[in-house]
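Working notes, beginning with the structure itself.
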Amino acid sequence: MAILRNNLDKYEWAQKQRDAEIARAEQWVAYDDEKLRNMVVPPDVPRAYDIHNFGCPVHGVEANAKGLYTWKIDPDRPYKIVCPAGGEEYPANDFAAYLASGMQDKSLLFNPEHPDPADPLHKQYVDDGWGWNKEGDPTNYWFVAYYAHWSMRQFTLPAIESLGMAALLSDDLEQARVYAHKCAVLLWQFAEYYPDYYYEKQSREGKEHNPNYLGRYTNMIWECGTPGRCAAAFDAIRPFLAEDRELEALTGKSVAEIDATIRERLLLTGARDIMDGSGRTRGNYGMHQNALITIAAVLKNDDVQPTVEEMIQYVVNNPRPATSSDIGIEDALVNLLHRDGMPQESIGYNYGWVSNLATIASSLADVDINFFTNPRFQKLLTWPLDVRIAGRFVPPLGDTGNMFAAAGSLNASQANMAVRHWPDPRMVQIARANPGAGQNLFVEPTEELLQRLPEAEPVEFGAAPFHFPAYGLAYLQHNGGTTPTASMLFYGDYRHHAHADQLNMLLFSHGNAMLTDIGYPEQTDSRNYRRYGFFGNTISHNTVVVDAARQTRGPGKLHGYQPEGFAQFVDASCDGAYSGTVDMYRRANMLVEISPDQRYVFDVFYVRGGKQHDYVALGPPSETTCEPSLGPVQEQGTLAGPDVPYAHFYDHEEYAAAPLGSISYGGYRGSGFQYLFNVRRAPLNGQAVFEWRLKEPAEGHTKYPWEGIGLRAHLLGTGEEVIAADSKPQSYDYLPDTIQYMLRRHGDIDHEVEGGLNSAFVTVYEPYEETPFIAQVRPVSINPDDGQATAARIELTDGMLHYVFHSLAPEQSYVLDEVVRVTGHCACLVLDAGGQPQKVMLYGGTELGIGSWALQGKGWQKTQVVSVDYESGVVQLAAPLLTGPEQEGLTVLVEADGFTDSLCITEVLDETRFALGDQDTRVAGGPVNEILPEQSRLVTSVATPHAKTGMTVLNGLLQPQGRWAEGDRVTVDRGDLGSLSADSFPSGADGSHPRFWVVMVGPGDDVWVPSLTVVERVQ
């Protein structure tokens, strides 16, 4: 309280916060106690966060134009909702009166505009709590349930919070008692109801979608916010309860009984719902842990279970996790985060991990448990800084953002929490930029802390290439001139909130997402046909659709990453994206800088197997053209065929037969071609140029720079078809009405190719402003023509000539256009108008030459790991392949039977040793609960989703104990180490419980070291 008083005395922001809290509370003080009690929705009133998949019964999805959940509700008109499109009110009947009858008086269930029971409209828009049914619709419109859900979230819980805060902050003791009383009325009534809420039995979700979706008043995920918010308010008003005789009279209970009711029925019920493994309250990782820490801080009990100590132990080191979401933070940091700090969900959802865990860590620091000093936790805090690209964007992968890729970053309030315990220069920079973010009346102001920290050189976020090797996300980037240009290649395999988008490529330049992604679907309901048919399907992403089907999913593999110099490069594959159909699914990108404002991307996509390959690219909002010209617009149907209308599931018999939105579409694995229309086609036999010319955003749409800006795709290929098509983005009024796709089709789904279809899609992307700088891109003759290499000849408008090259067989020598000699993984050769070399890049190669000029390299060199000092982060190789500082920054590949991974050479120590810097090699770890020698197994309580066959298993002393093997977890292949025993996994040096670790590099692993030669100016 001393900090609170100091803040109120010194800071205007603190006074404004106090005044705002009290003003919010005043709204609810005006309500009498009975009206407040009625704001707490009884358990027998169903709840629904959405009304219907199709929005409004009159206006349809137009009601969602400004986003979901925008129907208007008013606490003074209980159980009435207003359509945001038309302004009409639902339901027609007075449900509040029906509820007052104990939901027994059926005579109240009629439309007052049609009082005659014989009138066909007598029951129109009438809702008894379980929704109103439109004739012929298999699902209901849940008007009452929508109010019930959102009134609790928008009115009841905020009222509890604001009244509690006002009681704490008011200088007027009598008024503080009023606030506390009103808050106590709400808390008591909520506590009386709380154990009787069963979401699976009392909700739209339970009745229409998933009868096993647990929760209390709301679903298990959103419920996480409830007990913690109530606990904080209870803590604020408890000192006032003892004198509240009015509350005793209202409830018929003593103050002690009221206190016990709130503690037991609300807060401890909430804690048990989190801890008992039932999943009744369980959110994305960190959500329920956050709530539990707040409950523990408020209750401080050691006489009733769960005790405070048990709650803290659950959060920090849960001994009995029921699912991976219940793992304690210590083990979650290693098992649920990737080793590069990224959580295992889409980028948008990964932000939630940062928010929740930073808040939890800040609370735990008060009891001397400091996660801010944990290196993996620090990576969790900093990945939002590294995921920015081209300065101002975040890739809208999976359930993240939208096509404009608006930048997110580490929230300033999270940085302000972090700097109190970890004054990292980047954290400090963010905090200095917005020291008022997340200001807490009860915490020392950030600006006072920052005054004690030294100034540091500012860092520009999103300005350099970056690689998340475990998440599978690689950036190439040039940042000079007036505009940065960057490309992104996703080759990862996260499973939560993911789309079917492996080997997705994005491109950012001239202040725009030039090749972009579709982002978060407008709804995540299983009956939302556009979610499964289009938004989450492969067809909406910049990758290749094989055999008119959705990708499956499989691990990705990096083949090379080179972020240095004028020509940067990445190469990765995801053969499991079409497991059983393709033998190769691989993509390579090279970002080449011509001048500080002119760059292009050489893109090669190899697909081997199947019958039809559709290369997909989504550009910015544009007018599109093609040379040679496209044919006329297909006026009927969609890409699926002239007889297939928009959204019709032509390739799934069950879905096609059912009315749209009437069933779950989670099993759809079809093409999604039915979502592309305005189809235009042209043959590709040699070369073509497809162009997106940005158009001015319409009134009310998201603004972006557009004048004179365009993207040209130079296509090389034969026997293909170029296709232009439009589609519809999410139904929000700030997005364009249509979006523009370019496709390249090779093969025919109705014609089998002996041995499977082979494709190598070669594309050069040229983002430009005002004037293009590439005169033409031409095919290159490659000798031998073995199908293992691709190349392009890029002629610039200034007379310069670029040869770009990629090979699947780096050891094979090739001759390009009968003049350029190249042996290597990839290369870029820049010639002046006279044919003389000016710039060169050779990666993983032994030769690049033209005429009498030649450049040599060592190519890819293979050796083995002799040892790893895991404590100091030093890898020792068998062969002396390390030559000096010029190799620092190189990415080497690590392989063993079962996996491939990569490491960056941070520092060359000598010819056989390099340092890892802050790279973490751990992919799993946890307690050893039991040793089963006869099965060569150890038993653990933690989930290990990132451990792979062949990875090295360590004991708690960081000593190798074998390799992760197939079989029941955790089977260890001991090799020549003898039988597994308790001695294999001893207690820690400090006497702690035995632990194991799984690492992605260990003795005996193969290591591939690439050579790299970059010459910016040939002498």
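Basically my numbering = 1-based index in the sequence shown + 6. Backbone N, C-alpha and C fix where the C-beta goes; we use that ideal spot for every residue, glycine too.
Per DSSP, S601 lies in no alpha helix (DSSP H) segment; the continuous beta strand (DSSP E) that holds it begins and ends at 590-601. The alpha carbon of R943 has as its nearest neighbour, out of G923, E913, F1002, the alpha carbon of F1002. In the assembly as shown, M7 is an exposed residue. Its beta-carbon has fewer than 16 other beta-carbons within 10 Å.
Per DSSP, reduced to three states, the secondary structure at P381 is helical. Under DSSP, T491 shares a beta bridge with H484. For M317, no beta strand (DSSP E) encloses it; the enclosing alpha helix (DSSP H) starts and ends at 314-323.
It is roughly 7 Å from the alpha-carbon of R345 to the alpha-carbon of T927. One alpha carbon belongs to T287, the other to S331, and they sit about 11 Å apart.
DSSP lists G716 as the bridge partner or partners of Y774. Collapsing the DSSP output to three states places S579 in a strand. Proximity to D133 across D125, Y205, Q782, L105 peaks at L105, based on C-alpha coordinates. Taken through DSSP and simplified to helix, strand or coil, A921 comes out as strand. For N510, the enclosing beta strand (DSSP E) has its first and last residue at 510-515. Per DSSP, the continuous beta strand (DSSP E) segment holding E629 begins and ends at 628-633. Judged by DSSP secondary structure, F1002 falls within the beta strand (DSSP E) whose first and last residues are 1001-1005. Nearest to G673 by alpha-carbon distance, out of H658, L342, S987, V828, is H658.
One Cα belongs to P123, the other to L114, and the distance between them is close to 12 Å.
Between the region 51-59 and the region 149-160 there are three or more C-beta pairs closer than 8 Å, enough to call the two in contact.
A Cβ-Cβ distance of about 28 Å is found for the pair G221 and N408, leaving them out of contact under the 8 Å criterion. Non-local C-beta neighbours of V685 in its own chain, meaning closer than 6 Å and more than five positions away in sequence, comprise Q640, L645, A731, ordered along the chain. The Cβ-Cβ distance between P90 and W77 falls below 9 Å. Sixteen is the threshold: when 16 or more other Cβ atoms of the shown chains lie within 10 Å of the Cβ of H565, as they do, the residue is buried. With at least 16 other beta carbons inside 10 angstroms of its own, S515 counts as buried.
For L192, there is no enclosing beta strand (DSSP E); the enclosing alpha helix (DSSP H) has its first and last residue at 179-199. Short of 7 Å from the beta carbon of D111, and not among the five residues preceding or following it, lie these beta carbons of its own chain, in chain order: Y104. Three or more beta-carbon pairs separated by less than 8 Å link the region 604-623 to the region 746-753, which places the two stretches in contact. Beta-bridge analysis with DSSP links R799 to R784, Y809. Here the alpha carbon of A694 sits roughly 14 Å from the alpha carbon of L717.
With a threshold of 16 other beta carbon atoms within 10 Å, E211 meets it and is buried. In the structure shown, M171 falls within a helical segment according to DSSP collapsed to helix, strand and coil.
Comparing C-alpha distances from R799 to each of D875, H720, V871 shows the shortest one belongs to H720. Of D603, E713, S546, the smallest CA-CA separation from E629 is found for E713. Inside the region 834-916, DSSP marks whole beta strand (DSSP E) runs of 3 or more residues at positions 843-849, 853-856, 859-862, 867-875, 880-883, 897-902, 905-910, from first to last along the chain. Here C832 carries a strand assignment [DSSP, helix/strand/coil]. Note that the C-beta distance between R593 and S579 is below 9 Å.
The beta carbons of G289 and I227 sit closer together than 9 Å.
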